[in-house]
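For the sequence shown, position 394 matches number 1096 in this note's numbering, and the numbering has no gaps at all.
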Amino acid sequence: MKMYINGEWVDRAETTPVVNPFDKSVIDTVPRGTAADVELAIGSAVRGAKAMAKLTSYERYAILHRAAELMGQRAEELGRTITLEEGKVITEGRGEVQRAIQTITISSEEAKRLHGETVPLDAAPGNVNEFGFTIRVPVGVVAAISPFNFPLNLVCHKVGPALAAGNSVVLKPAGDTPLSALKLVEILLEAGLPQDAIQCVTGPGSEIGDALTGDPRVRKITFTGSMEVGDRICRNAGIKKVTMELGSNSPLIVMSDADIEKVAAATVSGSFSNAGQVCISTQRVFADRRIYADFLDALIAPTEAFTTGNPMDESMRMGPMIRESDAARVGQWIGEAVDQGARIVAGGDWEGTLHSPTIVADATADMRISREELFGPAVAVSAFEDIDEAINMANDSRFGLSAGIFTQNIDWAMRFAKEVESGNLHINSSPQWRADLMPYGGLKDSGMGKEGPAYAVQEMTELKMVVFH
Ligand code: NAP
703 MKMYINGEWV
713 DRAETTPVVN
723 PFDKSVIDTV
733 PRGTAADVEL
743 AIGSAVRGAK
753 AMAKLTSYER
763 YAILHRAAEL
773 MGQRAEELGR
783 TITLEEGKVI
793 TEGRGEVQRA
803 IQTITISSEE
813 AKRLHGETVP
823 LDAAPGNVNE
833 FGFTIRVPVG
843 VVAAISPFNF
853 PLNLVCHKVG
863 PALAAGNSVV
873 LKPAGDTPLS
883 ALKLVEILLE
893 AGLPQDAIQC
903 VTGPGSEIGD
913 ALTGDPRVRK
923 ITFTGSMEVG
933 DRICRNAGIK
943 KVTMELGSNS
953 PLIVMSDADI
963 EKVAAATVSG
973 SFSNAGQVCI
983 STQRVFADRR
993 IYADFLDALI
1003 APTEAFTTGN
1013 PMDESMRMGP
1023 MIRESDAARV
1033 GQWIGEAVDQ
1043 GARIVAGGDW
1053 EGTLHSPTIV
1063 ADATADMRIS
1073 REELFGPAVA
1083 VSAFEDIDEA
1093 INMANDSRFG
1103 LSAGIFTQNI
1113 DWAMRFAKEV
1123 ESGNLHINSS
1133 PQWRADLMPY
1143 GGLKDSGMGK
1153 EGPAYAVQEM
1163 TELKMVVFH
């Protein structure tokens, strides 16, 4: 496909192949954009921001609403594109499209809800004749940088609210998965978006990222990706608004009163969907010592039943990882854990980009599979003595994006909600759960700011205070 900048679809002499991670076939190519393309895109986006600011709330609503309808008409094509470029199984690819349609629909509704409020200035001593109110205005140009793992829905979580709020967007999709984003741009233009209001620059983030994030005409950066890249972007950004949706190694606590079979099923789906390449994948599981052995036994059957192979095959539950080096890294971290005293109770092998769903028991906090973000299909299980120890283990992480507990005890559930350091807290679910309308974002090194259209539009607008004297 071509990339879309400066109001037109353009090619470049140098291109990058988009590769199917399962069989390594080349699906398509995209231009290898440069810093000069970023410059063109930002110049056009400045004009796009002016065009967007002239649209009424209703017009912005109508464009996004129409885009959601068009996505529905192209749903099967979009689902297949996601699976081909990213590798998640086709049922998950189709599921992502349905979520993305919701994200754009909810964003369209938020276009109608942006408003300020009156401020009771006479509540300050001596103020008698002042009348004050706030208005929300678009920031202008939003830079949206997205990761590979949800190449459509996470792009919609940025582009939808940014357009709903009346901004223009310069989109930089992940190098591995640019096609879903480019198709979304086609749809937005067909839906009637002003031609300069969206830009999509394809090219390596390491080469073109600084030109985008450091430009003072960009007033807001919304980034989803790794902690390391997020850190670099924050340092390069200067004075502008930033939202950082970063990684995690999400904990799940299994108390002694939990239904073990139910928790085992939830652990497996919460750890292995999208081959574990989900920012809120269940990575660290802490089970009460009294049920620890039974829980490990219960994990084996559902893990071994998790079929792995060609993601286009409707019977598969898990596809490949994005790159061979990632499957090898997961294998290496598991090997290290075994050398340090852990044991594999299911799975453990890999070939090419396929890594089998794996349960590692007796993990300790110093192992890499516990400390770092694994972002792969393995889960590290360990035992605790009581709720105090479980909460301490959950909090022994520099991340804090999502956490879960299984219990029927309301006191334990409340302690979990109050004391676990995490942006999202799930009682009787694995941490891997998200409704696209809810506020979503991490604490600690998992980032700052919230997504979810109602919350993202706040972060993509400025609040102005107006006072009549
Ligand atoms: P990544 O390597 O950090 O890349 C993310 C994006 O940043 C890509 O578009 C990448 O471009 C771009 N980039 C790279 N270097 C850059 C630079 N110097 N300046 C600006 N942009 C730059 O992450 P990933 O491997 O795609 O995704 C996995 C990570 O995303 C995991 O850590 C995961 O937890 C996180 N994630 C978080 C959430 C959340 O909501 N919190 C959701 C999903 C994923 P290239 O692809 O061209 O390098």
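We put the CB at the ideal spot given by N, CA and C, even for glycine.
For a test of the three-state rule: what should DSSP assign to Arg1117, helix, strand or coil? helix
Given the structure, does Cys981 come close to the ligand NAP, in the sense that its CB is under 8 Å from one of the ligand's heavy atoms? yes
Can you tell me where the beta strand (DSSP E) with Lys1166 in it begins and where it stops? 1163-1170
Lys942 (DSSP reduced to helix, strand or coil): coil
Going by the beta-carbon positions, is the gap between Pro1141 and Ile808 smaller than 9 Å? no
Output the distance between the C-alpha atoms of Lys860 and Ser1131, rounded to the nearest integer angstrom. 26 Å
Lys860 - DSSP class collapsed to helix/strand/coil: helix
What do you reckon, is the C-beta of Met1140 under 8 Å from a heavy atom of the ligand NAP? no
Between which residues of its own chain and Arg1176 is the CB-CB distance below 6 Å, once the five residues before and five after are set aside? With the chain covering only 703 through 1171, there is no way to say anything about residue 1176.
Report all residues from its chain with a CB closer than 6 Å to the CB of Leu890; omit the five preceding and five following residues, and keep chain order. Ala769, Ile900
Quick one: give me the first and last residue of the beta strand (DSSP E) that Ser1132 is part of. Unbroken run through Ser1132: none, as it is neither H nor E.
Return the residue from the list Ala813, Pro1013, Arg986, Ala966 that minimises the CA-CA distance to Leu1001. Ala966
Element boundaries [beta strand (DSSP E), containing Val721]: 717-721
From Ala826, Ile1129, Trp1052, Met1162, pick the residue whose C-alpha is nearest to that of Thr865; which is it? The sequence given here places Leu at residue 865; Thr does not occur at that position. That would be Met1162, whose Cα lies nearest to the Cα of Leu865.
Counting pairs of Cβ atoms below 8 Å between the stretch 811-828 and the stretch 760-767, do you hit three or more? yes
Local Cβ density within 10 Å of Arg937, reported as buried at 16 or more and exposed below that: exposed
CA-to-CA distance, Leu998 to Gly940, given in whole angstroms: 49 Å
Opposing strand residues paired with Pro733 [DSSP bridges]: Thr717
Quick one, are the C-beta atoms of Ala1085 and Asp912 less than 9 Å apart? no
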